[in-house]
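Presented below is the structure to which this report refers.
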Amino acid sequence: MLQESALLVPLVGLLGLFVGSFLNVVIHRLPVMMEREWAAQAAELRGEDAPEQTRFNLATPRSRCPHCGNAVHARDNIPIISYLALRGRCRHCQATIGKRYPLVEIATAALSAAAAWRFGYTLATVGALIFIWASLALACIDLDTQLLPDAITQPLLWIGLIFNLGHTYTPLPSAVIGAIAGYMSLWLVFQLFRLATGKEGMGYGDFKLLAAIGAWLGWQMLPLTILLSSVVGAVIGIGLILFSRHGRNTPIPFGPYLAAAGLLALFFGDAINARYLNLF
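See the structure below:
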């Protein structure tokens, strides 16, 4: 029965709902875990004892309401259903639950189902799910903290190369060149911008994310990814400056635009590139 595409798409979509719930945990906790690790490393460099910290990882402690501190029960942690049943409020203190929690769950489910529809019952679907889930987590973390954690970007790059050992999305030489070109292209832009302005225009996490996209989709998708992410980022950035009193010198995370462009390239890159080449 699982081999029937009519069943595969909703099943993968349902899986995406629960993965989306876990991604919300990753988005919230991974930056905190990184800060704790940095604090411990800084103390070690100063020759001091590491600060005492309670155990904190992706599994411990249980999820709690940030307002009242009460633990979230299992019945209140069912994707979408619990949010609707609670009407978007904490059961104990009635504080509003952020809308991003269900939005991440819905986006993960929709994109996961789309991957199953696009690639069918193949290894490419498994890889696409990994790529989608990692991209969503990175985009949201970058929006919150302007960080793209190595704990996600680096494994994402290597996993992409592993999948392309069998030409899942692109031949391996194309994937290797894509990883190199993805990193070096933004690194060169970074260096030129710093020479011209004396400022750093983006972070190293952006280089690693584009390298990962190149490792998954090949160097042929890099121009499309850079173009889409730059255009969307420029439009949104100008809009924020004009309409939201966003300071010109206030950094705008680039990772979400790279992630969105990478997802578009995953689903539609071949068709877009083919149409563009046919024009010429």
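Residue numbering for the sequence shown is 601 to 880, as defined by the working numbering.
All C-beta atoms in this analysis are idealised placements derived from N, C-alpha and C, irrespective of residue type, glycine included.
Please read all numbers here as calculations on a predicted model, not as lab measurements.
Proximity below 8 Å, CB of residue i to CB of residue j
i: Ala728; j: Leu866; result: yes
i: Gly782; j: Phe790; result: no
i: Gly620; j: Ala709; result: yes
i: Leu743; j: Gly805; result: no
i: Gly839; j: Ile852; result: no
i: Pro749; j: Leu630; result: yes
i: Gln653; j: Arg664; result: no
i: Leu824; j: Ile777; result: no
i: Leu863; j: Ile732; result: yes
Any C-beta of chain C under 8 Å from that of residue i
i: Leu863; result: No chain C is present in this structure, which holds just one protein chain.
Cβ neighbours of residue i in the same chain (closer than 7 Å, five flanking residues each side left out)
i: Thr768; result: Leu723, Ala724 and Gly727
i: Ile752; result: Ala734, Ala737 and Leu738
i: Leu615; result: Ser712
i: Phe719; result: Thr725 and Ala728
Straight-line gap, residue i to residue j (C-alpha atoms, nearest Å)
i: Leu765; j: Leu817; result: 12 Å
i: Ala834; j: His692; result: 42 Å
i: Asn624; j: Tyr701; result: 6 Å
i: Phe763; j: Gly669; result: 42 Å
i: Glu644; j: Ile813; result: 35 Å
i: Leu658; j: Ala874; result: 42 Å
i: Ala695; j: Leu684; result: 14 Å
i: Ala716; j: Pro771; result: 22 Å
i: Arg646; j: Pro661; result: 29 Å
i: Gln754; j: Lys808; result: 7 Å
i: Asn677; j: Leu756; result: 28 Å
Backbone secondary structure at residue i - three-state DSSP
i: Ala671; result: strand
i: Thr696; result: strand
i: Arg636; result: helix
i: Arg664; result: strand
i: Arg794; result: helix
i: Arg687; result: coil
i: Phe854; result: coil
i: Met821; result: helix
i: Ile680; result: coil
i: Thr654; result: coil
Distance between beta carbons of residue j and residue i, contact taken as under 8 Å
i: Leu810; j: Leu786; result: 5 Å
i: Met633; j: Phe656; result: 6 Å
i: Gly855; j: Met821; result: Rounded, the Cβ-Cβ distance is 17 Å, inconsistent with contact.
i: Ala860; j: Val832; result: 7 Å
i: Ile741; j: Ile627; result: 6 Å
Sequence-distant residues of the same chain with beta carbon closer than 6 Å to residue i, five excluded per side
i: Ala775; result: Leu761, Asn764, Ala815 and Gly818
i: Phe793; result: Gly801
Residues near residue i by beta carbon distance below 8 Å, same chain, minus five either side
i: Ile680; result: Leu617, Pro702, Glu705 and Ile706
i: Lys699; result: Gly688
i: Pro651; result: Ala639, Ala640 and Ala643
i: Lys799; result: Phe793
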